[in-house]
Amino acid sequence: KQWYQRRVAITAGVKMQKGCDTRAKKSGDAAETQRRLEAKYDIEQERQCRQWIDSVLGEKLSEADSGMHNFAASLKDGQIVCKLLNKLSVETGGAPLVKKVNTQKMAFKQMENIEQFLKGCITFGLKAGDCFQTADLYEAQNMSQVLQTLYAVSSAATSIHKYAGDCIGTKLADLNEREFDEATLKAGQNVLGAQMGAFKGDSQSGMNMGKARKVCD
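Quick note on the working numbering: the sequence shown kicks off at 1292 and runs consecutively.
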């Protein structure tokens, strides 16, 4: 029975791989949308992400030339992004967020890695809107969003988990809560804003709205 189940899984993986490799070429509006997404891709952001990943993992990415499709090919199996997230979590005092990183070449195993990475990102502190979709990376449909997710992971590592290593992107703002005593709060209730028309004696008195404009030669 186990042999049969494994056989079915392998067959499904092969079919899925063929399906991904033979996806029909986009046309019309879909093709135009894809061109716009690819036009947004920033090669400088890719360079920064490559250097950051190398710094965190201590190992070089594929020696392939830079570029959207080459970068996608380097990350497509999901192994590197899973290792990246686990390393950041462990070095900031947490546990690995991806329990098992698949090393198989089958398509559904590689996509499973990507899905586990995305789930780990939410646990790590990212919002759903910060994360790309599986097909954005696996099929290189929106690599700009992949870059943004990597930037968001770095920001979360630095701002939320206090990661001391290299980072990219913007540091998240720190919470700055303020507490006022009762007297201060009551005093603030007696202050009139400028919108009230009585700020330091200023008012709209004397203003004529809609008055005819005189033009002199």
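All C-beta atoms, glycine included, are put in the ideal place defined by N, C-alpha and C.
Checklist entry - Can the beta-carbon of Asp1421 be found less than 7 Å from the beta-carbon of Thr1440? => result yes
Next on the checklist: Out of Leu1428, Ala1443, Leu1376 and Thr1414, which one is the CA nearest neighbour of Ala1364?
Outcome noted: Leu1428
Checklist entry - So is Thr1313 buried or exposed if we call it buried at 16+ other beta carbons inside 10 Å? => result In this prediction, Thr1313 scores a pLDDT of 49, lower than 50, which makes its location untrustworthy; no coordinate-derived value is stated.
Item to check | Residues near Ala1419 by beta carbon distance below 8 Å, same chain, minus five either side | outcome: Only Ile1413 meet the Cβ criterion.
Checklist entry - Counting Cβ pairs closer than 8 Å, one from the segment 1366-1379 and one from the segment 1341-1350, do we hit at least three? => result Yes, the segment 1366-1379 is in contact with the segment 1341-1350.
Checklist entry - Cβ of Trp1343 within 7 Å of Cβ of Ile1459? => result yes
Checklist entry - What is the DSSP secondary structure of Ile1344, counted as helix, strand or coil? => result helix
Next on the checklist: Can you look up His1452 in the DSSP assignment and give me helix, strand or coil?
Outcome noted: In the structure shown, His1452 sits in coil (DSSP, three-state: anything other than H, G, I, E or B).
Checklist entry - According to the Cβ coordinates, are Leu1417 and Ala1447 closer than 7 Å? => result yes
Checklist entry - Quick one: Cα of Glu1382 to Cα of Val1389, how far? => result 14 Å
Checklist entry - Taking just the CA atoms, how far does Glu1403 sit from Met1397? => result 10 Å
Item to check | With 16 other Cβ atoms within 10 Å as the buried cut-off, status of Val1392 | outcome: buried
Next on the checklist: Distance check for Gln1401 and Met1307, CA to CA, integer angstroms please.
Outcome noted: No answer about Met1307 holds up, because its pLDDT of 46 lies below 50 and its placement is not dependable.
Checklist entry - Whose CA, out of Ile1334, Asp1472, Gln1325 and Phe1415, lies closest to the CA of Leu1438? => result Ile1334
Item to check | Alpha-carbon spacing of Glu1232 relative to Lys1453, whole angstroms | outcome: Past the edges of the chain, shown from 1292 to 1508, lies residue 1232, and the structure says nothing about it.
Next on the checklist: If you follow the alpha helix (DSSP H) that Val1392 is in, where does it begin and where does it stop?
Outcome noted: Val1392: not part of any alpha helix (DSSP H); DSSP gives it neither H nor E.
Next on the checklist: Please report the distance separating the alpha-carbon of Glu1337 from that of Thr1394.
Outcome noted: 24 Å
Item to check | Member of Gln1436, Ser1445 and Ala1474 whose CA lies at the smallest distance from the CA of Gln1325 | outcome: A check of alpha carbon separations from Gln1325 across Gln1436, Ser1445 and Ala1474 identifies Gln1436 as the nearest.
Checklist entry - From Arg1341 to Gly1384, what distance separates their C-alpha atoms? => result 24 Å
Item to check | Range covered by the alpha helix (DSSP H) that runs through Leu1352 | outcome: Note, Leu1352: premise wrong, no alpha helix (DSSP H); not H, not E.
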